[in-house]
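Trainee: Just dropping this structure here.
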């Protein structure tokens, strides 16, 4: 049971740790954050630079994926607590960016107000921070369901799952609030054209007249810590799950469990890899990677997971539940 307690302690320690991150951000702020900020009335989103000829096709594809995401995430069974929260986050994430992307690609309506731009940025990055925490919570859920099935209802009570969901949300808010404050208080006195399909943090920060390094560094360190720590514990959870699965006597049960876990890991890879590769490319290899590739990578992890999550997690979780004792609710 020590593994269970350790993972629970890790998740519930989020607020204290990220309050320290908030204090860290204040130390990083330079004196240029105290001046009167020059704010443009609007920004102009380019879409995907270099792929303007494909914008119509992209608009149709995004519309289909968005419709799938909305429908799929709206019919998640309410008995699956973490799935319901994940579905809500997916709807928020997709709705924050896809309608504007479709508008840009289909009609060329690229303008976005200053407030709308930073509101979109806040919700997108907060939603991604919540999603990675939920993926960890669901990995922990699967670990308990497979490795401690008889103790599942005692360990993951509705109250505990609610506390975990609230703690994950608080972590995202605590992380995003300083970042949003830093970037929105920079002066933008030059170009207002954002070479991106949404108000991505690094793309907007590069337009600032003042030094945006504190904001960019905070974003890099914060996202690396959040994703890095979550991925480590997700990997640990699934390693323990796989060890338990290979101990099952039924080959059919082994295959179903492996298929389910493999699907979950695949969705996680589609979420984490494009996002983190995009972040590090913008820091280390932006001159060696074409801009349209950078934008596509950044867009992939915002659009694909909300589309696939209800299919993979919803259907596969039902299959996994059939392997568990009666009365266990994954």
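Numbering (the working numbering), first residue to last: 10 to 339.
Each residue gets a CB set at the ideal place from its N, CA and C atoms; glycine is no exception.
Please return the same chain residues whose Cβ sits closer than 6 Å to the Cβ of residue 156, not counting the five positions on each side in sequence.
Mentor: Residue mapping note: residue 156 aligns to position 147 of the chain shown, counting from 1. Cβ within range, chain order: 249 and 253.
Trainee: Assign residue 121 to one of three DSSP states: helix, strand, or coil.
Mentor: What you label residue 121 is simply residue 112 of the chain shown in a count that begins at 1. Strand at residue 121.
Trainee: Please name the residue in 174, 191, 75 and 263 whose C-alpha comes closest to that of residue 91.
Mentor: What you label residue 91 is simply residue 82 of the chain shown in a count that begins at 1. Looking at the Cα atoms, 174 is the closest of the given residues.
Trainee: So the beta strand (DSSP E) residue 54 belongs to, where does it begin and stop?
Mentor: The residue you call residue 54 lines up with position 45 of the chain shown. Start and end: 51 to 54.
Trainee: Using the three-state DSSP reduction, which class does residue 26 fall into: helix, strand or coil?
Mentor: Taking the chain shown and counting its residues from 1, one reaches residue 26 at position 17. Note that residue 26 scores a pLDDT of 49, beneath 50, so its modelled location is shaky and nothing firm can be said.
Trainee: Since I believe residue 315 is in contact with residue 185 (beta carbons under 8 Å), could you give me their beta-carbon distance rounded to a whole number of angstroms?
Mentor: What you label residue 185 is simply residue 176 of the chain shown in a count that begins at 1. What you label residue 315 is simply residue 306 of the chain shown in a count that begins at 1. With 8 Å as the limit, residue 185 and residue 315 do not qualify as a contact, their Cβ atoms being about 19 Å apart.
Trainee: So the candidates are 277, 304 and 260; which of them puts its Cα closest to the Cα of residue 290?
Mentor: The residue labelled residue 290 in the question sits at position 281 within the chain shown. Of 277, 304 and 260, the residue nearest in Cα terms is 304.
Trainee: When you compare the CB positions of residue 312 and residue 71, do they come within less than 8 Å of one another, or not?
Mentor: Along the chain shown, read from residue 1 onward, the residue named residue 312 stands at position 303. Along the chain shown, read from residue 1 onward, the residue named residue 71 stands at position 62. Yes, they are a contact pair.
Trainee: Does the beta-carbon distance from residue 142 to residue 183 come in below 8 Å?
Mentor: The sequence position of residue 142 within the chain shown is 133, counting from 1. The sequence position of residue 183 within the chain shown is 174, counting from 1. In this structure, residue 183 does not lie closer than 8 Å to residue 142 by Cβ.
Trainee: Would you identify the three-state DSSP class for residue 298, choosing helix, strand or coil?
Mentor: What you label residue 298 is simply residue 289 of the chain shown in a count that begins at 1. Residue 298 falls in the coil class under three-state DSSP.
Trainee: Are the segment 110 to 117 and the segment 212 to 232 in contact at 8 Å, needing three or more beta carbon pairs?
Mentor: With the cut-off at 8 Å, the segment 110 to 117 and the segment 212 to 232 do not touch.
Trainee: Taking 8 Å as the cut-off, decide whether the C-beta atoms of residue 246 and residue 161 are in contact.
Mentor: Mapped onto the chain shown, residue 246 falls at position 237. Mapped onto the chain shown, residue 161 falls at position 152. Not a contact, by the Cβ cut-off of 8 Å.
Trainee: Would you call the segment 256 to 270 in contact with the segment 219 to 228, where contact means no fewer than 3 C-beta pairs closer than 8 Å?
Mentor: Verdict: no, contact absent.
Trainee: Would you list the one or two residues that DSSP bridges to residue 203?
Mentor: Stepping through the chain shown from its first residue, residue 203 is reached at position 194. BP columns for residue 203 point to 54.
Trainee: Between the segment 185 to 201 and the segment 129 to 144, do at least 3 Cβ pairs fall closer than 8 Å?
Mentor: Flag = yes, the segment 185 to 201 and the segment 129 to 144 touch.
Trainee: Measure the Cβ-Cβ separation of residue 106 and residue 129 and say whether it is below 8 Å.
Mentor: The sequence position of residue 106 within the chain shown is 97, counting from 1. The sequence position of residue 129 within the chain shown is 120, counting from 1. Yes, Cβ-Cβ distance for residue 106 and residue 129 is below 8 Å.
Trainee: Taking DSSP as the reference, what is the three-state secondary structure of residue 156?
Mentor: The count along the chain shown starts at 1 and reaches residue 156 at position 147. Of the three classes helix, strand and coil, the one that applies to residue 156 here is helix, per DSSP.
Trainee: Measuring straight from C-alpha to C-alpha, what distance separates residue 65 and residue 74?
Mentor: For this step, residue 65 is matched to residue 56 along the chain shown. For this step, residue 74 is matched to residue 65 along the chain shown. Going from the Cα of residue 65 to the Cα of residue 74 covers about 14 Å.
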